[in-house]
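Novice:
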Amino acid sequence: MKLSVTGRATAAAVVAAVTLLTTSSIAGAAPARVAAAPNIPVANVKAHLAQLQSIATANGGNRAHGRTGYKASLDYVQAKLNAAGFTTTVQQFTSGGRTGYNLIADWPGGDTGQVVMAGSHLDSVTAGAGINDNGSGSAAVLEAALAVSRAQYQPTKHLRFAWWGAEELGMVGSRYYVSRLSTTDRSRISGYLNFDMIGSPNPGYFVYDDDPTIEKTFQAYYAGIGVSTEIETEGDGRSDHAPFDSAGIPVGGLFSGADYIKTAAQAAKWGGTAGLAFDRCYHSSCDTTSNINDTALDRNSDALAYAVWELSS
Ligand code: DTR
Ligand code: ZN
Ligand code: ZN
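Each residue of the sequence shown is one higher than the last, beginning at 0 in numbering that gives the first Met the number 0.
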């Protein structure tokens with residue numbers, strides 16, 4: 000069942016920033032690429048994490064499916080998006096006898112026959128606040144969406160952002176969303192980008208190796224900042240990209256590691272501590288705002304924005 004709460008950019012909103020359209024004077028040459036992704040201020044992403052931490056603290060210590068902390072998290076994210084001119088929709092479902100919610104935010108404009116999606120699960124486990132898992136992905140996706148609004152970005156393709164419920168119960172929210180898509184609507188999604196744990200305290204830099212175009216887009220970003228990446232092998236089927244992949248939709252994403260152990264070779268290239276888990280607070284009560292590596296969060300947030308801009312232009 001869909002509870003539709005719509006907040007739209009006021010028609011009077013005028014694009015303040017002047018986007019310089021450079022058209023080449025050389026006959027036949029393709030116009031230069033118009034828009035480049037902005038830097039995502041990691042301080043903004045961390046401010047969202049602080050809010051999610053406060054929400055967990057005020058709601059029994061977690062943001063889990065069916066608990067008050069989850070809906071309070073969704074309300075926080077939705078309010079920011081409505082204020083920024085997104086069209087938001089709350090999709091309701093039931094799991095384990097409790098009500099769950101997905102939040103979908105469409106950026107007005109673009110070709111709705113080619114939809115680029117970026118998403119993350121917003122729920123935590125019951126053990127704790129879930130700041131790395133997955134406040135990190137949720138806050139980065141939110142801040143990238145807000146950057147689209149600040150830039151008044153008008154991409155060729157249509158942009159849609161999503162925050163999933165009940166991922167920790169088995170990708171329940173994202174499965175529900177994909178199951179409710181018509182065949183036509185599925186065919187209109189040109190790619191889904193997933194961000195689940197992107198600020199791990201002992202971080203790795205892992206890129207999903209599902210769709211090659213999306214994979215290469217992320218790899219190009221990291222090559223540009225001189226950071227090597229590895230193929231993500233721990234999570235096939237273990238996060239919200241899986242239902243999209245099963246529906247034949249191109250998927251990709253980023254991951255900074257969970258309970259696997261960082262090797263000496265990985266520590267040599269990425270820093271951090273060999274012999275320790277990438278996130279030793281995975282699914283634990285210590286997954287708080289102190290369980291975040293700012294550099295990983297910053298880099299992954301910027302890579303997220305880069306891919307959104309590149310794949311929708
Ligand atoms: N399923 C995620 C954590 C997770 C573990 N391995 C991967 C690999 C890729 C993405 C996510 C994950 C969770 O516990 O929410
Ligand atoms: Zn988890
Ligand atoms: Zn997760």
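Glycine included, every Cβ here is placed at the ideal spot set by N, Cα and C. From a predicted model like this one, the values you see are computed outputs, not experimental measurements.
1. Kindly indicate which three-state DSSP category H282 falls into: helix, strand or coil?
2. Could you tell me which uninterrupted beta strand (DSSP E) segments, each at least 3 residues in length, are contained entirely in the segment 119-180, listed from first to last along the chain?
3. Tell me which residues share the same chain as A246 and place their Cβ nearer than 7 Å to its Cβ, disregarding the 5 neighbours each side in the sequence.
4. Spatial neighbours of S123 within its chain, please: CB distance less than 6 Å, with the 5 preceding and 5 following residues excluded, ordered by chain position.
5. Is A8 helix, strand or coil by DSSP?
6. Identify the residues that DSSP records as bridge partners of N101: which are they?
7. Please work out which residues of its chain come closer than 8 Å, Cβ to Cβ, to D278, disregarding the five sequence neighbours upstream and downstream, and give them in chain order.
8. Excluding the 5 residues flanking D208 on each side, which residues of the same chain have their C-beta closer than 6 Å to its C-beta?
9. Which residues in the same chain have their Cβ closer than 7 Å to the Cβ of S72, if we skip the five residues on either side of it in sequence?
10. Check whether the segment 139-157 and the segment 169-176 touch, using three or more Cβ-Cβ pairs below 8 Å as the test.
11. Assuming Y191 and W269 are in contact, meaning their beta carbons sit under 8 Å apart, how far apart are those beta carbons, in whole angstroms?
12. Based on Cα-Cα distance, which residue from G118, A264 and A273 lies nearest to P242?
13. Given this structure, state the Cα-to-Cα distance separating A78 from V89, to the nearest angstrom.
14. What did DSSP end up calling D110 once you bin it into helix, strand or coil?
15. Can you list, in chain order, the residues of its chain whose CB lies under 7 Å from that of D244, leaving out five sequence neighbours each side?
Specialist: Looking at the coordinates:
1. Correct three-state label for H282: coil.
2. Assignment of beta strand (DSSP E) within the segment 119-180, counting only whole runs of 3 or more residues, yields 156-163 in chain order.
3. Cβ within range, chain order: V177 and R185.
4. These residues qualify, in order along the chain: N61, R62, A63 and G129.
5. Legend: pLDDT at A8 = 44, less than 50; position of this residue unreliable, value from coordinates given subsequently. Residue state, collapsed to three classes: coil.
6. According to DSSP, N101 bridges with Q90.
7. Closer than 8 Å at the Cβ level, and outside the excluded window around D278, lie N131, D132, M196, S199, P200, N201, S255, G256, A257, D258, D286 and N290.
8. So the qualifying residues of the chain are E214 and I230.
9. Excluding its 5 nearest sequence neighbours in each direction, S72 has C-beta neighbours in its own chain below 7 Å: L51, I54, R62 and L121, listed in chain order.
10. With a cut-off of 8 Å on Cβ pairs, the segment 139-157 is not in contact with the segment 169-176, counting fewer than three such pairs.
11. That pair is no contact at about 26 Å.
12. Taking P242 as reference, the option from G118, A264 and A273 with the minimal CA-CA separation is G118.
13. Whole-angstrom Cα-Cα distance: 12 Å.
14. Judged by DSSP in its simplified three-state form, D110 adopts strand.
15. Here the set comprises D209 and V250.
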